[in-house]
Every structure is written in C-alpha cells, then in structure tokens.
Amino acid sequence: MQPEKRVNRLRTPPPPDPRPSSPMPPTNRPNSGRTTSPSSSPRTTSSGRPSAKKSAMNMLLRKQWQQGRAYVRQHPWLKMVSLLIARTILVLFLGSIAWVVALKYLPVWFTPLTISRKWDTIGTDNSSTIYKTWRPFEEINKEAALAVVASEDQQFPYHWGFDFDEIQDAIKENQTRKRPRGASTISQQVAKNVFLWTGRSYIRKGLEVYFTVLIELIWGKKRILEVYLNVAETGPMTFGIEAASERFYGHSAYTLSRDEAARIAAVLPNPNQFSIRRPSSYIQRRTRQIARQMRALGGQKYIRNL
Numbered sequence: 001m002q003p004e005k006r007v008n009r010l011r012t013p014p015p016p017d018p019r020p021s022s023p024m025p026p027t028n029r030p031n032s033g034r035t036t037s038p039s040s041s042p043r044t045t046s047s048g049r050p051s052a053k054k055s056a057m058n059m060l061l062r063k064q065w066q067q068g069r070a071y072v073r074q075h076p077w078l079k080m081v082s083l084l085i086a087r088t089i090l091v092l093f094l095g096s097i098a099w100v101v102a103l104k105y106l107p108v109w110f111t112p113l114t115i116s117r118k119w120d121t122i123g124t125d126n127s128s129t130i131y132k133t134w135r136p137f138e139e140i141n142k143e144a145a146l147a148v149v150a151s152e153d154q155q156f157p158y159h160w161g162f163d164f165d166e167i168q169d170a171i172k173e174n175q176t177r178k179r180p181r182g183a184s185t186i187s188q189q190v191a192k193n194v195f196l197w198t199g200r201s202y203i204r205k206g207l208e209v210y211f212t213v214l215i216e217l218i219w220g221k222k223r224i225l226e227v228y229l230n231v232a233e234t235g236p237m238t239f240g241i242e243a244a245s246e247r248f249y250g251h252s253a254y255t256l257s258r259d260e261a262a263r264i265a266a267v268l269p270n271p272n273q274f275s276i277r278r279p280s281s282y283i284q285r286r287t288r289q290i291a292r293q294m295r296a297l298g299g300q301k302y303i304r305n306l
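Yeah, the sequence shown ends on 306 if you go by full-length UniProt numbering, and it's all consecutive.
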C-alpha cells in the first residue's frame, strides 16, 4: 500500500468543479423599469465601434470617392485640366510673392489706377499728362507723412494691416448713412492701388486682403507709407505728394509746411472733386481738423519709429 501524496494547496490550484451536464435555462425576469446602460444602446457597441448610421455614411463617401476616381479614369482630360489649374494657382502664388518682394526695393513707377486715368482721357479734351514724381521717404517732409496718418489711419503704426475697431464702427454707421463710410487702412489702400484693378467685387476684396497681409509681412510700415506717399491720387492726373507739392505749391515736398501737408491730406478722399489750389470751406475746415489731430498725436515723433 503506497503512502498518500501530499498536495501543496498554496501553489497548486484546486481541481475545477465538474461542469453541469446540461446548461441552466435562462430566467425571464420582468423589466423593473430600469434604464438600459449606454453600452447596450443600439447606436454603439461595447467596444466603442461607430454607430450604424456613421458606418453607412462612411461607406457612402467611400463609394462616391471610388465612383469619382473611376469617372476620372474614364475621362483623362479631367486630370489634365485639374493639373493645369493647380499649376496655374501655384505660378500665380509664387509670382505674387516675387512681385511684392521686387517692389520692396524698386520704385513704383505706375499703378493700375494711373493707367486707368490715362485711358479715360483718350479721345477727350482733357489733358492726358500724368504728374508723378517718385521721392524716397527721406526726401519727403515728415509733416506730409504725419498728415496722411492723422487723416486716413491713426492706428497705422500699431495694426497689422486691418483696423477691426474702425471696421466695426463703419458697419454700424453705414446702417444709417446715405453715403457709406470706408474703413480701409493705409496698407489696404496701397495693396489695392498698386496690385489690383479699379472697381468693386468680392474677388477684388479677397485679393486686397491677401496683398495687404503680404506687404505687411514683407515690406514693413516704413516702406508701405513711402509707397502710399508716392502713389496716392492727390489731384486730377496727379499722383504722389511730390507731384502735388510741385504742381499746387510750386516747391518740393521736402519743404512742406504743416498746413500745406494737412491740405493735401484733406483732399485724399476725393481728389478729383476737391482742390488743393482752390480749397472750399469744407476743405479749409477739414485742414484745420487734421492739423489739430497732428498736434494731438504728438507731432513727427508719432511716426519716427516705423
């Protein structure tokens, strides 16, 4: 008779219980009114899989994508057209950046606005001579620079191309004004005068925003103001501060006084209607207002660190 073998019950698990010969029938308990858990919801499974509705939508999108690819394979010209459009957009994008970089250093001798004014005089009795003289920023009296900032865009040294507070104020005022008031900054005016055609459209406005961002990033404030002082329309067929000073005052823009600079800035909203040489009572009143604003801003030191 062999001795009974000891079993280490701490290391060896006990033998499993024998399984029942037949499964127990499930009990049908009545629903006591308890809400089902989120895991039993028909929309998602317990493993976090997407709902049946989302799966059906994914299958529909996948099917449409496959049908689109098959349609393009059946019509090879569509692929050629899409590639041509993509390459055109890329060329225009790179070309616009190169154009902006080049004009950071080169004088802006002509703009779409000067060409338009020249074209309008063809076949008429009006003079077709364009008065325009480029002057570097250092050769223009800073009173002129301060005057246009005080008149057109007092937040010019601080914003990044757009004055959103002024835009909101203009939207509120234009709800009751008969003639809409603009809220374009000096940067926006330079962008549309130098790079865009004349007129109004949503496409032009979108391009204006695009070029405004570019010149703010690439040119900087000083170059933007320099270009504005040279391309802004200051009178009939007259563009720039230097041309206006020589034509209407008889001397260079380097020797402009504060009142003379303020009068040039006063006619900028409509230089073909208002006159620098023969200012109306409105222009005289506006000139005094701009001169007061120039003093309130602190004089030339306001634009010294552009």
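Using N, Cα and C, we set each Cβ at its ideal position, and we do this for glycine too.
Query                                                                                                                                                                      : Result
Do you know offhand how far residue 139's Cα is from residue 90's?                                                                                                         : 39 angstroms
Which class does residue 238 belong to by DSSP, given the choice of helix, strand or coil?                                                                                 : strand
Just how far apart, CA to CA, sit residue 238 and residue 276?                                                                                                             : 11 angstroms
Apart from the five residues on each side of it in sequence, which residues of its chain come closer than 8 angstroms, Cβ to Cβ, to residue 221?                           : 156, 157 and 306
When you compare only the Cα positions, how much space is there between residue 83 and residue 218?                                                                        : 30 angstroms
In terms of residues, what are the limits of the alpha helix (DSSP H) holding residue 144?                                                                                 : 142-152
Do you know offhand how far residue 113's Cα is from residue 165's?                                                                                                        : 28 angstroms
List the endpoints of the continuous alpha helix (DSSP H) containing residue 117.                                                                                          : 112-120
What three-state label does DSSP hand residue 131 in the structure shown?                                                                                                  : strand
Could you tell me whether the Cβ atoms of residue 241 and residue 144 are closer together than 8 angstroms?                                                                : yes
Check whether the stretch 144-154 touches the stretch 282-300, taking contact to mean three or more Cβ pairs, one atom from each stretch, closer than 8 angstroms.         : yes
Pop quiz: residue 190 and residue 213 are said to be a contact at Cβ under 8 angstroms. What is the actual Cβ separation, rounded to whole angstroms?                      : That belief does not hold up - the Cβ atoms of residue 190 and residue 213 are roughly 12 angstroms apart, past 8 angstroms.
For residue 224, which residues in the same chain have their Cβ closer than 7 angstroms to its Cβ, ignoring the five residues on either side in sequence?                  : 186, 187, 190 and 215
What are the residues that DSSP puts in a beta bridge with residue 233?                                                                                                    : 239
Take residue 133 and list the residues in its own chain whose beta-carbon comes closer than 6 angstroms to its own, dropping the five residues that flank it on each side. : 242 and 243
Work out the CA separation of residue 267 and residue 334 for me, nearest whole Å.                                                                                         : This structure leaves residue 334 out entirely; the chain is present only between 1 and 306.
Threshold first: 4 residues or longer. Then list the alpha helix (DSSP H) segments lying entirely within the stretch 193-236, N to C.                                      : 202-218 and 221-231
Taking the C-alpha atoms as reference points, what is the distance between residue 265 and residue 94?                                                                     : 35 angstroms
For residue 262, count neighbouring Cβ atoms within 10 angstroms of its own Cβ and tell me buried if that reaches 16, exposed if not.                                      : buried
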